[in-house]
Amino acid sequence: MYMTASSPSRDSDSEPPSTPCIIHSLPRKTTACGTHSDPSAPSTQTHHLPRLIPSQWTKLDLTNHSPRFPDVYIAPSHSRVPAVHGNIYVIVVSMDPEDLHETFAHGASLSSFCSLEESATKGMPALQPSLNNFLVVCDKYGREEDGDSKDAVKSWSHAKKEFLIPVLEQLQKLQDDIYGKDKLMSDSKAIAIDGNFRGGIAIEQTFHSRFHIRNAQYNLKETDYENVLHQWVNELAICVANEGFCKGAPHVSGIMMQWADLANFPKTGGFDRYVGFSSSVNFWPASQIHLASARRGECYADGNERLPPTDEDADTQGSLKKCLGKYGGNHSNGGDHTVIPMAMTNFMHPHPDVLEECFCLMEFGIVWVLEEFCTLFFSGFHMHGGGLAQYRPLHTVDSIYTHVTVILYPPQAILSGESALAFAALPYPPDPCQACQKWVRKDHQMCRDMENLTPNDNKDEDEEGDEEFAENVKVLQKCDTLKTSLLKLPMEWCQCGMHQLSVSRKYTEQATYVSDGGSFLAPQDHFNHSICSLLQWINGIIQQFPPHYFVHFDKDLLSTFSMELDGVHLAAEPWDLGPGWTGDNVQIGSKSDVSIESMSRQQIAQ
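Numbering (UniProt numbering), first residue to last: 1 to 606.
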């Protein structure tokens, strides 16, 4: 598990977002979840007869629409879509794995773009948030008796017009803070010169924008205005995403609330700075701010097909660098969640000289219009991307245009408890791997001394020895895992009764949840998450006792920890779904008739 925070990315060197309890360092973004096969190879699958298309559905006759794209229909209603809706676009596609791969490979072979004119030229329908459109996927060979119950809502949106005036005012205020003053803006990337930033827009003119919090090298700076601006952006993006989430997944919120509690992932965006929102559930503990400025006189659109990448990371493809930076082009997110969608909120300020932008779902041959303050929901597993905005030939104003979107990620790894967490630092010596290298180097030198060799005695043997040393280091790093896996009790902690630790000491240059979580978590959320993480540590460690000890700890242990907030001592909140025991299992002096001999191995493990 890694810490998460808003992290702007502007060019091809930008890093992927990372997450706290779940997501990322996100798994690398790839264009497929398996080995690619030749899309042109003959298919061996067999199908039933295609299902009958409801008579109320209207097939769209799209000029220049690639025959390799799925057919698109418009449905007047659908059981998976709320009663209040605009056009429902239904993609009819075979769910056979080989057919799905062909659809995916075709989408991966295309370059995304940002021009609505280009989408019309390619015969790709444009969905609009302000019209409350929905995208539904239907199995071409589904069973007739299932009707539309097996269909899936793949993408939907939340539009600016759905917000009340107080919320819009908050959005507009934050938008102004993100861009800053017109006279200080430029279309170049922000660069630090003598401690001051030149270029870019306000939100990237900070050192906080240079590093993701998972590898940041600063501590306890949650009160800095520069970082507070990132907090504001992240929190408001989460709030607006929550507003629109239930439109496409009305029954998921309750389940995900319990899941989030069980996984103990950080409740980012809990500062309660914004009012007028009905939900505070956070399904997206990882975020990224994406920035890209339009350039006058430059054209980045590329409608040519490219070969779908095989085992190479899609984001290293040269053609992607013509789009919105390294992660702005056509790609898929292999680390996303199968249930929770991505949520992308558009903070871009409209510009009279810039063509309206769109966002591509290349796998389906569909685009979304990027309207101001809209949020798009879609699955990152499908091919998606955009392109760099372009100015019209005639310019009416001199101000620049910068693309600003906040993308919230639902990484699978955190929700499934499969990601490690930079929880806290220990006052250890240098990195064990470095220490191992020093030991090996010392042994190597001792051997040389014993053989009375010097660098000038035998150059060839020296070179061979150096190569052998390098190989020994590699082997030791791979094989000697014991030295890097032990949890030690530091000497300073053993002597806690003899001296007072310095509160200003920095145990590590690496940011951790305990020391730096306040950069993106509200104080009480930061405290609760860290104490629950400590409980997870305890639970993991006591399992190493001999089984017949039956070591338990009271779940009420959380209440023994407190923090001071606004002059009041507050206890850690109960964790009902967390580890621990209650009742007679922790009642001191109570008798137990459980015997280790009468238990199975599975019962002992439980």
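Here a beta-carbon is modelled for each residue, glycine too, at the ideal position from N, C-alpha and C.
- F378 places its beta carbon 7 Å or farther from that of M348.
- Inter-residue distance for F104 and S600 is about 47 Å (C-alpha atoms, whole angstroms).
- For T582, the closest C-alpha among the options F561, V551, A120 and F113 is that of V551.
- The region 267-287 makes contact with the region 228-240: 3 or more CB pairs, one atom from each, lie closer than 8 Å.
- Residue environment analysis places L164 among the exposed positions, since fewer than 16 neighbouring C-beta atoms fall within 10 angstroms of its C-beta.
- Leaving aside the five residues that flank P350 on each side, the residues in its chain whose CB is nearer than 7 Å to its CB run, in chain order, E372.
- For M563, the pairing in a beta bridge is given by DSSP as L570.
- Taking a contact as a CB-CB distance under 8 Å, the pair W57 and V84 does not count as one, their CB atoms being some 20 Å apart.
- Nearest to Y409 by C-alpha distance, out of D593, C358, S530 and N282, is N282.
- Fewer than three Cβ pairs drawn from the region 539-553 and the region 509-518 lie within less than 8 Å of each other, which leaves the two stretches out of contact.
- Beta-bridge pairing by DSSP links D139 to V93.
- Burial is judged here by how many other beta carbons sit within 10 angstroms of a residue's own beta carbon; T121 has fewer than 16 and is exposed.
- As the crow flies, the alpha-carbon of P285 is around 16 Å from that of E243.
- Just so you know, the alpha carbons of W368 and F134 end up roughly 10 Å apart.
- Secondary structure of C374 (DSSP, three-state): coil.
- Within the region 108-194, the complete alpha helix (DSSP H) runs of at least 4 residues fall at 116-121 and 165-179.
- Following the DSSP letters along the chain, one finds D261 in no beta strand (DSSP E) but inside the alpha helix (DSSP H) bounded by residues V252 to A263.
- Looking at the DSSP output, A105 bridges to nothing.
- By the 16-neighbour rule on beta-carbons within 10 angstroms, I289 is buried.
- Within the DSSP bridge table, the entry for S293 names T402 as partners.
- Using a Cβ distance threshold of 7 Å, T345 and V406 count as a contacting pair.
- Judged by beta-carbon spacing, P547 lies within the 7 Å limit of I596, meaning their Cβ atoms are closer than that value.
- For F423, same chain residues with a beta-carbon under 7 Å away, outside a window of 5 residues either side, are T512, Y513, V514 and S533 in chain order.
- Scanning its chain for C-beta atoms nearer than 7 Å, with the 5 sequence neighbours on each side dropped, one finds around D584 the residues S590, in chain order.
- In the three-state DSSP reduction, W537 falls in the helix class (H, G or I).
- With 16 or more other CB atoms across the displayed protein chains lying within 10 angstroms of its CB, L127 is buried.
- If the five residues before and after P352 are omitted, its C-beta is found closer than 8 Å to the C-beta atoms of T396 and V397, all from its own chain and listed in chain order.
- Listed in chain order, the non-local C-beta contacts of E564 below 8 Å within the same chain comprise L570, local neighbours out to five positions each way being set aside.
- Following the DSSP letters along the chain, one finds V275 in no alpha helix (DSSP H), marked with neither H nor E.
- A buried status is given to L110, since no fewer than 16 other beta-carbon atoms sit within 10 Å of its beta-carbon.
- Across the set D554, G567 and V586, the C-alpha of D554 shows the shortest separation from the C-alpha of W575.
- Around the beta carbon of L487, fewer than 16 other beta carbons sit within 10 angstroms, so the residue counts as exposed.
- Burial check for S416: the Cβ neighbour count within 10 Å stays below 16, so the residue is exposed.
- About 5 Å separates the Cβ atoms of Q205 and A190, confirming a contact at the 8 Å cut-off.
- DSSP places Y513 inside the alpha helix (DSSP H), whose first and last residues are Y513 to D516.
- With distances taken between CA atoms, G276 lies nearest to P166 out of S66, S287 and P166.
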